[in-house]
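Written out below as C-alpha cells is the structure these notes cover.
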Amino acid sequence: MALFVLRRLMLTGLMLFGLVVITFVVSNVAPSDPAALAAGPDATRDMVETIRREYGLDRPLPEQFVRYVGGILTGDLGRSIVTTRSVTQDLARYFPATLELVILAMGFGVLLGVPLGMMSAVLKNRAPDHATRFIAVSLVALPAFWFGILLQLFFSVQLEWLPTSGRLDIASPPPPFVTGMLLVDSLLAGEWETFGDALRHAVLPALVLSFPCLASILRVNRAEMIEVLSSDYVTAARAHGISRLRVVCVLALRNAMLPTLAIIGLRWGWMLGSTVLVETVFDWPGIGLYAVSSAIAGDFKPVMGVTLLIGVNFMIVNLIVDLLYGVLDPRLRAGA
Amino acid sequence: MMQGFTIGRRGAIAAGLGAAAGVAAGGSAGAFERDGNRKILVFAGGQPVPVIDPHSRYDWSTRMIQQSIYDALAKYVNNPPQIVPWLAERWETSADQTVWTFHLVANAKFHNGDPVDAEAVRYSFERGLRMNKGVAWMLKDVLPPENIVAVDPRTVRFTLSRPMPSFLTFIPLWFIVNPKQVQAHVVNNDWGEAWLTGNPAGSGPFRVRRLEPQSVIHLDSVPEYWKGWPQGEQNRLSGVIYRIVREPAARRALLQRGEADIITEIPADDFEQLKGMRGIRPEDHKGLTTFAITMNTTKGPTADLNVRKAIAHAFDYDALIQIHNGAATLMTSPFPEVIPGYVAVPDMPRRNLDKAREFLAKSAHPQGGFELEYVHVQGLEDPRRIGLVLLNSLQALNIKVNIVAQPWPTMVARGAKAETAPDMVSVYVTPVAADPDVIAGKYHTRAQGNFWGMHHLTDPQISQWVDAARVEADETKRNALYAEIQKRVVELQPEIFGMLANRRWLMRDWVKGFSYCPLRLTGEVDLHPMWIDAR
Amino acid sequence: MSLALPRASFAQRHAASLRQWRFFAWSFGRSPSSMLGLAIVSAFLLVAAFGPWIAPYPLDAEGAMNLANRLKPPSAEHWFGTDEMGNDLFSRVVLATRTSLWVGLTIVGIAGAVGVPLGIAAGYFGGTARAVIMRVTDVFLSVPGLVLALAIVAALGPGILNGIVALSIVWWPGYVRLVEAKALALRNEPFVEAARAVGASDLRILAVHILPNCTSPIIVKASMDMGLAILAAASLGFVGLGAKPPAPEWGAMISVARTYMPNWWWYAVFPGFAIYLTVLGFNLFGDGLRDILDPKSNRG
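Residue numbers (my numbering), protein chains in the order written: chain Y, 240 to 575; chain V, 64 to 598; chain P, 905 to 1204.
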C-alpha cells in the first residue's frame, strides 16, 4: 500500500513537471511585453526596462524557466503583473472562494442527483423518468455561461430574490478570516446574517456549476437502482418481511456510493476548470475569474498558477479516490 | 459598551460588531448605506485598484483612490480645469521657469499626526523619480532628484535642468507620502513599495478601512481632515465604498436597486435608457481622451500617404458618433480642445468617397485589393465596434480589414518596432495633465516604441518644432509652434483622427457635490466634496 | 456441365450485416430521444449546408452595418431582432451554424487523428511505448482543458483557428484513453493471435483487426464530442476569445449580448438557445448510438 502511494506520488511529481513545461511553453508562444502592462501607457522605455528587470523578464527564456521551476519548489509561483502581488498570495486569497463554490456545487449534485436518479429508476419508463432523463441530458448541453445569465436575470433582476453577483452585499463586512470560505467562516464566528447573505450569493453560481456533475450522478444512480430493483436481493429481502422501499434504498445507496464517489473525483478538477465561466458570469472572485482576467490582459503567471493548482487538485483527488476505492471496495483490495 | 456600528440598507441587512447587531438603522426611507448616523457613498466601477502606492502606478480607479488617500501640492478642479493650491498655499517660479518654489500650508497633517513638511515633499518626489515607475516619466528628464531641496520646513525648491513651462501641470499628480511611515517599511531598497502597495501613508480626506484590490475598497472619511470638508461637517460622509463590479449589466442593476449610488463605464445604450429614470441623475461631459486609429507609416500600403489619406476620407465618422449614441465629438485637431495651444485645423478629413478614391488613384494601389490588419486591445468593446465600422467603410475602396484583438502586452511588443507594428491600431490617449508637449510628443520621433507611436512617423520638421515648443517660455510663440504642429500632423495623416468620447456617470439623485474636471482620468471622481442629501 | 449458380444478389451476400443494420435502425428508431437527437442533428446539418440561402440577410455576417436599425426587437423582418450594429440576428445565428459545424468537426477530427493512432499504438505494443504515451496523456488529462485552451487562445489572439488549435490540444487525450483500453483487450484475442501466427505485419493487424473493432466506441465518443467541442468553442467565445468579427459565432455573440441584458434580451437568448439545441442534439444522438453500438459501456 505504502509502495503504491509512493509510486503514485512520484508519478504525480513527474506529471506536474510536465504540466509546468506545458504552461510555460503556452505563455511564451506569442511575442509579448508584459512589463509594458505594469509600467502603464505613459511609461518611457527605460521605465519599462526597470519593470522588466524587477520581474526578471529581461533574462533569457531558459533561465526564466529554471527560475520558475526553482520557485515552484519553494512555493513561489512568480508575480502577477496586474496585481503586482505574488501569484501564491493571490491564489491563497481567491482559492477559498472557488473551493466554496465547488464544494457547494458538489453538494447540490449529490443531494439532487441521488434522489432524482432513484426516483427515475423506480418510475422507469414512466413520464417522470423520461422527464428526468431529458433534464439530465439538457443539463450537460446547457451552456453554463448562458444559462447562468438567464437565471441571474430571472431571480435577481426580475424577481429580486437573489443578488446578481459577488460574494457578499456591498456593505456586509466579511467574517473574520479562518478558511476564506465565507460560509464556513461566518458559521465559525456565529454570524448568521452574514451566513445567509453569503448563501444567497452562492446559490445560483453553485447551481449552474453543479449541472454536468448532477447529470452524471443522476445517471449512475438510476442505473444502479435499476440493477438493484431487478436483483434477487429484493425478492429475498421481501421474503424476509423487510419493506421493499427500505431494501431498495439501502442497497441502491450502497451500490451507487462508489460510482458517485468516482464521479466526484473525476469531476473535481473539471469543475475547478469550469469555474472560469461561472465565476465570470457571477463576478465571483475566485481563481476562475482570476485566470480569465489575467489571460485577457496578457498576464500569464497567474494563468500558469491556476492551471498548476487545478492540475495538482486533479491529481491529488484522483489519488484519494483510488485509495478510497481500495478501502471501500474489498474486492479491489483483495485483487491489489 | 462598544459604539453601535451598524451598516444597514432598508434595515434589511444589519451587520454588527459584537453585541451591537440589533441596532439596525435605515428603515425604509432611504436606500443608501448608513454607518451610524452618517452615510456611505457606494461607487460601482469595473476596474480594480491593484496598487494604492501613488508613485508606482495609476489608472482611473487607482487614481481616484490615491487622490482620496493622499494630497498633492496642488489639485485640478473645475471645467475648464484650474490648478488650485492644496498642500502648497502658493508658489513662484524664476523668470526662465527653471526654479520653482512651493510654500506649504501650516496645518496639514498625515493621518498618523505627523506634519506634512518640506522634507515629506522632497522625499516623495525623490521616491517617485528614483523608483522610475508610474508618474516618473513626467519629470524625470528635467528634475534630477538631488535638485529638490527642502529649504525650510515649509518651503521646497525644485531646480529644473531646463526650462519647463508645463512643470506646474504635473504637480497635482505627484502625491505626498509620509516618509517616516514609508522608511519604516523599506525592504531591499524598494522605497517601501511592497508595503505601500497595500497600505496607506497619506494626509488625504480618507483613510482605508478595508482594501480588497479586486473586489472592494472601503474608505473612511477623516473627521479632522486639515483642509476641512466643503459640504460641512454635518453632511460629511462616513466614507466611500468603491466596489468592483465587472459586468455593466450588474452595475446598472445595482444603481437601479439603489445599492450603488454612482456608477460609471456605462454602455451607450444603457445610458440612454437610464438617464431619464426617476431618481437617477446623469452626468454627461465632453471628455478629453482621444481615439485614433494609427497607421503604420513605414511599411505596407499605409506607408503611402495617399493610401492613408484615402482611408481617412473613406472612414465613416458619423458611425463613430452613432455607436456612442451621440455621446462623442469628432476631433477637430490632433489636440483635444482643453489642451493649451489647441487650434481647430481646417479641412480635417471627413467621409468623402470621391476624394478617397482620388487619393487612392494616386497611390500604388489605385484599385485597392489589399488587406489591412486592424489591432485593438483584447476585451474592449468599443474598439471592436469601431473595427467593424472601419471594415464597412473600407469596403467602398475594395480594401479588406482583418480585425484582430490582442492583449495589451502583445500589442505593445509588436508596435514597438516599425517592422512588426500592425497596419492599423486603435489607440486611446488620455492626457493626464494640461501639457501640450505630451500630445505633440506623440508625433515626435521619440514617440516610436511607445504605444501611441505605433505610426512610426519620422518627420524632422515636427520633431524640431516639438523640441522648440517644449522649452519656449513665451506663450504666444509656443502656441504658434503648436498650431504649426497640429496642421502638419493632419497633413501627414499618421492616423485617422477619431473622436473624444464623453465621460459619463449615472448617480442617484441624492448624490451631491459631484463636480466635473476634464483633467481627471476617464471614470475618476473627486470624492472629497461629495455627500448624500437625504434623511 | 457446370451448375449455373444464380449470382447472389447484394441483399443475399450481405444478409447478415444488413440484418444487423436493420436491427440497429429499428432499435434506434424505437427510442424517441434518439430520434429527437437525429432530427436536431439533421436540422443542424441542413442549416449549416444551406445557411446562405436560408438567411434573409447573408451580408450581415460579413460586416454590413445598419446603425439606424440597432437593437430592434424580433419582428416579421427580423425574426430574432437585430444586434448592436443593426445586423439581423436570425441571419447571424443561422450562418454561425456553419462555423460551429466546422469547429466541431475539426476539433473532433484532429483529436481523433492524433488520439486514435496513439491509443492503438499504446494498447497494442505495450511496454515502454505504452508507458510514455500514457504518461503524457495523463499529464494532458490532468490539465484543466478550458483553462489551458483559454491560455493558448489568449496568447495567440482570439480567432476560430486559434480556438480550434487550443481545443484540439486539450481534446486528443480522451481518445488515447478510450482506444488504448480497447486495443489492450483486443491484442490477446484469438483472431489477432491467429493473424500474427500466419505472419501478418503489425501494421496490417492494426489496420484490419484492431482499428475496425475500436470503431464503435470511437463513433459514439465522436458524436458526443461534436456537441461538447461546439460548447467549448462557444465558451471561449463567451470570455471574449472567439471568432474574429464580423464572422458570426454563437459564444462571441452572447459575450457581446451580455451587456445588453435584460432590456435587449433577444440578443443573448437566441444564440444561446442555438448552442443548447445543437449540443443537446448531438448528446441525444450519441446516447442513442451508444445504446445500440456499445451497449455494455459505462454510462457514468
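For glycine and all other residues, C-beta sits at the position ideal for the given N, C-alpha and C. This structure is a prediction, so every number in the text was calculated from the model and none was measured.
Rounding to the nearest angstrom, what Cα-Cα distance links residue 444 (chain V) and residue 287 (chain Y) in this structure? Position 381 of the second sequence, counting from 1, holds the residue named residue 444 (chain V). Position 48 of the first sequence, counting from 1, holds the residue named residue 287 (chain Y). The straight-line gap from Cα to Cα measures roughly 27 Å.
Residues within the region 385 to 397 of chain Y neighbouring chain P, beta-carbon criterion of under 7 Å: 385, 388, 392, 396
Based on Cα-Cα distance, which residue from V:210, V:447, V:360 lies nearest to residue 989 (chain P)? Here residue 989 (chain P) refers to the residue found at position 85 of the third sequence. It is V:447.
So is residue 287 (chain V) buried or exposed if we call it buried at 16+ other beta carbons inside 10 Å? Walking along the second sequence from the start, residue 287 (chain V) turns up at place 224. Burial call: exposed.
Thinking C-beta only, is residue 317 (chain Y) closer than 8 Å to residue 326 (chain Y)? The residue labelled residue 326 (chain Y) in the question sits at position 87 within the first sequence. The residue labelled residue 317 (chain Y) in the question sits at position 78 within the first sequence. Contact flag set, yes.
Per DSSP, cross-strand counterpart(s) of residue 178 (chain V): Start at 1 with the first residue of the second sequence, and residue 178 (chain V) comes out as number 115. V:172.
Mind pulling the beta strand (DSSP E) runs of 3 or more residues that sit fully within the region 287 to 342 of chain V? 302 to 307, 325 to 327
Can you tell me which of the three DSSP states residue 136 (chain V) falls into? The count along the second sequence starts at 1 and reaches residue 136 (chain V) at position 73. Of the three classes helix, strand and coil, the one that applies to residue 136 (chain V) here is coil, per DSSP.
Rank Y:469, Y:486, Y:504, Y:537 by C-alpha distance to the C-alpha of residue 476 (chain Y) and give the top, closest one. If you number the first sequence from 1, residue 476 (chain Y) lands on position 237. Among Y:469, Y:486, Y:504, Y:537, the Cα nearest to that of residue 476 (chain Y) belongs to Y:486.
Give, in chain order, every residue of the region 192 to 208 of chain V whose Cβ lies closer than 7 Å to some Cβ of chain C. Chain labels in this structure do not include chain C; the protein chains are Y, V and P.
At a CB distance below 8 Å, what residues from the region 432 to 453 of chain V approach chain P? Give them in sequence order. 441, 442, 444, 447, 448, 450, 451, 452
Tell me, please, whether the CB atom of residue 1167 (chain P) is closer than 8 Å to any CB atom in chain V? Within the third sequence, numbered from 1, the residue matching residue 1167 (chain P) stands at position 263. Yes - at least one Cβ of chain V is within 8 Å of the one on residue 1167 (chain P).
Is the shortest distance between the beta-carbon of residue 187 (chain V) and the beta-carbons of chain Y less than 8 Å? Counting from one through the second sequence, the residue named residue 187 (chain V) turns up at place 124. So no, residue 187 (chain V) is outside the interface.
N-terminal and C-terminal residue of the alpha helix (DSSP H) that residue 952 (chain P) is part of: Reading the third sequence from its first residue, position 48 is the one you call residue 952 (chain P). Note, residue 952 (chain P): alpha helix (DSSP H), 936 to 958.
Residues in the region 1139 to 1152 of chain P with C-beta within 7 Å of chain V's C-beta atoms, listed in sequence order? 1144, 1148, 1149, 1150
Taking a contact to mean a Cβ-Cβ separation below 8 Å, would you say residue 991 (chain P) touches residue 968 (chain P) in this structure? Here residue 991 (chain P) refers to the residue found at position 87 of the third sequence. Here residue 968 (chain P) refers to the residue found at position 64 of the third sequence. Cβ atoms of residue 991 (chain P) and residue 968 (chain P): closer than 8 Å.
Using the three-state DSSP reduction, which class does residue 151 (chain V) fall into: helix, strand or coil? In the second sequence, counting from the first residue as 1, residue 151 (chain V) sits at position 88. Reduced to three states, the DSSP call for residue 151 (chain V) is strand.
Using a Cβ cut-off of 8 Å (strictly closer), state whether residue 499 (chain Y) contacts chain V. The residue you call residue 499 (chain Y) lines up with position 260 of the first sequence. Chain V, which has no Cβ nearer than 8 Å to the Cβ of residue 499 (chain Y), makes this no.
Would you mind listing the alpha helix (DSSP H) stretches within the region 207 to 252 of chain V that are 4+ residues and don't spill past its ends, in chain order? 230 to 233, 242 to 246
Find the nearest neighbour of residue 975 (chain P) within the set P:987, P:966, P:964, judged by alpha-carbon distance. Along the third sequence, one-based indexing puts residue 975 (chain P) at 71. Here the closest residue by C-alpha is P:987.
Would you kindly work out how many angstroms separate the C-alpha atoms of residue 1044 (chain P) and residue 1077 (chain P), rounded to a whole number? Mapped onto the third sequence, residue 1044 (chain P) falls at position 140. Mapped onto the third sequence, residue 1077 (chain P) falls at position 173. The straight-line gap from Cα to Cα measures roughly 7 Å.
Residue 281 (chain V), enclosing beta strand (DSSP E) - first and last residue: The sequence position of residue 281 (chain V) within the second sequence is 218, counting from 1. Per DSSP, residue 281 (chain V) belongs to the beta strand (DSSP E) from 279 to 284.
Interface positions of the region 450 to 470 of chain Y facing chain P (Cβ-Cβ less than 8 Å), listed along the chain: 455, 458, 459, 462
Presumed contact (8 Å Cβ cut-off) between residue 165 (chain V) and residue 151 (chain V), rounded CB distance: To locate residue 165 (chain V), count along the second sequence from 1; it is residue 102. To locate residue 151 (chain V), count along the second sequence from 1; it is residue 88. Between residue 151 (chain V) and residue 165 (chain V) the Cβ distance is about 4 Å, and since that is below 8 Å, they are a contact.
Any idea what DSSP makes of residue 434 (chain V), helix, strand or coil? Sequence index remark: in the second sequence, residue 434 (chain V) carries index 371 (1-based). Three-state DSSP puts residue 434 (chain V) in a strand.
Using a Cβ-Cβ distance cut-off of 8 Å, determine whether residue 1092 (chain P) contacts chain Y. Stepping through the third sequence from its first residue, residue 1092 (chain P) is reached at position 188. No, its Cβ sits nowhere closer than 8 Å to a Cβ of chain Y.
Interface flag, residue 321 (chain Y) vs chain V, CB-CB below 8 Å: By one-based count along the first sequence, residue 321 (chain Y) stands at place 82. Output row for residue 321 (chain Y): interface = yes.
Between which two residues does the beta strand (DSSP E) containing residue 1180 (chain P) stretch? The residue you call residue 1180 (chain P) lines up with position 276 of the third sequence. Per DSSP, residue 1180 (chain P) belongs to no beta strand (DSSP E); it is in the alpha helix (DSSP H), 1170 to 1197.
Excluding sequence positions up to five away, which residues of its chain have a Cβ less than 7 Å from the Cβ of residue 905 (chain P)? Locating residue 905 (chain P) in the third sequence gives position 1, counting from the first residue. Caution is warranted here: a pLDDT of 45 is assigned to residue 905 (chain P), below 50, making its placement in the model unreliable, and the coordinate value is therefore given only provisionally. Answer for residue 905 (chain P): no residue qualifies.
Which partner residues of residue 345 (chain V) appear in the DSSP bridge assignment? Here residue 345 (chain V) refers to the residue found at position 282 when the second sequence is read from its first residue. Answer by DSSP bridge pairing, in chain order: V:569.
With a Cβ-Cβ cutoff of 8 Å, do residue 133 (chain V) and residue 198 (chain V) count as a contact? For the purposes of this step, residue 133 (chain V) is taken as residue 70 along the second sequence, with counting starting at 1. For the purposes of this step, residue 198 (chain V) is taken as residue 135 along the second sequence, with counting starting at 1. Going by C-beta atoms, residue 133 (chain V) is not nearer than 8 Å to residue 198 (chain V).
Between the Cα of residue 956 (chain P) and those of P:940, P:1000, P:1034, P:1035, spot the shortest distance and give me the residue it belongs to. As a working note, residue 956 (chain P) is residue 52 in the third sequence. Checked all of P:940, P:1000, P:1034, P:1035; the closest Cα to residue 956 (chain P) is P:1000.
8 Å is my cut-off, CB to CB: does residue 468 (chain V) come that close to chain P? Translated into the one-based positions of the second sequence, residue 468 (chain V) becomes position 405. At least one chain P Cβ lies under 8 Å of residue 468 (chain V).
I think residue 523 (chain Y) touches residue 282 (chain Y), with their Cβ atoms under 8 Å apart; what is that distance to the nearest whole Å? As a working mapping, residue 523 (chain Y) is identified with position 284 in the first sequence. As a working mapping, residue 282 (chain Y) is identified with position 43 in the first sequence. Not a contact, Cβ separation roughly 33 Å.
Drop a sphere of 10 angstroms on the beta-carbon of residue 1153 (chain P), count the other beta-carbons inside from all chains shown, and report buried for 16 or more, exposed for fewer. To locate residue 1153 (chain P), count along the third sequence from 1; it is residue 249. With 16 or more Cβ atoms within 10 Å of its Cβ, residue 1153 (chain P) is classed as buried.
Does the Cβ-Cβ distance between residue 377 (chain Y) and residue 367 (chain Y) come in under 8 Å? For the purposes of this step, residue 377 (chain Y) is taken as residue 138 along the first sequence, with counting starting at 1. For the purposes of this step, residue 367 (chain Y) is taken as residue 128 along the first sequence, with counting starting at 1. Their beta carbons are not under 8 Å apart, which means residue 377 (chain Y) does not touch residue 367 (chain Y) by this criterion.
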